[in-house]
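Q: Okay, here's the structure, questions in a sec.
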Amino acid sequence: LTMYNNRVDRITSDANATMMRLGEVYLIAAEAEFYLRGANAIAAGYVNALRTRVSAQQVGAGDISLQFLLDERARELCGEYGRWYDLKRTGKLTKAYLSEKNPDVGDYFVDGVHGVRPIPQVQMDAISNPQGYQNNGY
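Using the working numbering, read the sequence shown as starting at 385 and increasing by one per residue.
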């Protein structure tokens with residue numbers, strides 16, 4: 385806990401948190417292979433290592449695409465803190481994409497605003513000249 389202006393705000397925690405799972409490592413390797421050499425058997429092999437574990441249908445090199453890998457990440461990681469970052473780094477964090485894939489989110493998404501996160505107020509309060517540091521729209 386940190387004190388700011390006689391206020392107590394929780395900006396950090398000592399609670400245990402999962403930072404990375406082996407499934408994520410396989411998916412990072414598959415995506416890296418896809419970016420380096422395109423859709424191929426090596427990338428498919430990384431995905432199949434995960435699918436074997438859950439007795440899911442195996443995939444071939446022809447199944448591998450950026451969209452497939454994003455979908456596989458969504459299935460494997462089930463919203464474990466990383467979806468926003470996945471969409472942001474692949475250029476798919478847009479109103480058009482979200483409206484197609486998840487209209488409940490897409491209806492409220494604003495391009496040019498929600499592509500970044502707000503800087504927490506407690507951090508803005510901690511600097512002496514906060515004007516101009518907050519992200520656009522927040």
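Using N, Cα and C, we set each Cβ at its ideal position, and we do this for glycine too.
Quick check on DSSP: helix, strand or coil for arginine 405?
A: Arginine 405 falls in the coil class under three-state DSSP.
Q: CB-CB under 8 Å to tyrosine 517, same chain, minus the five flanking residues each way: which ones, in chain order?
A: Same-chain partners within the cutoff: Ile503, Met508 and Ile511.
Q: Indicate whether alanine 428 and alanine 445 have their beta-carbon atoms separated by less than 8 Å.
A: Result yes, Cβ atoms of alanine 428 and alanine 445 sit closer than 8 Å.
Q: Across the stretch 410–429 and the stretch 448–455, are there enough close Cβ pairs to call them in contact, namely three or more that are closer than 8 Å?
A: Yes, the stretch 410–429 is in contact with the stretch 448–455.
Q: Starting from isoleucine 426, trace the alpha helix (DSSP H) in both directions and tell me its first and last residue.
A: Isoleucine 426 -> alpha helix (DSSP H) spans 425–437.
Q: When the Cα atoms are used, what is the spatial distance from aspartate 495 to arginine 467?
A: The alpha-carbon atoms of aspartate 495 and arginine 467 are separated by roughly 17 Å.
Q: CB-CB under 7 Å to proline 514, same chain, minus the five flanking residues each way: which ones, in chain order?
A: Taken in chain order, the residues that qualify are Met508.
Q: Buried or exposed: which applies to alanine 399, given that a residue is buried once 16 or more other Cβ atoms fall within 10 Å of its Cβ?
A: With fewer than 16 Cβ atoms within 10 Å of its Cβ, alanine 399 is classed as exposed.
Q: So for phenylalanine 493, helix, strand or coil by DSSP?
A: Three-state DSSP puts phenylalanine 493 in coil, outside helix and strand.
Q: Roughly how many whole angstroms lie between the Cα atoms of arginine 405 and arginine 459?
A: Taking the straight line from one Cα to the other gives about 14 Å.
Q: What does the Cβ neighbour count give for glutamate 484, buried or exposed, with the cut at 16 atoms within 10 Å?
A: Glutamate 484 comes out exposed.
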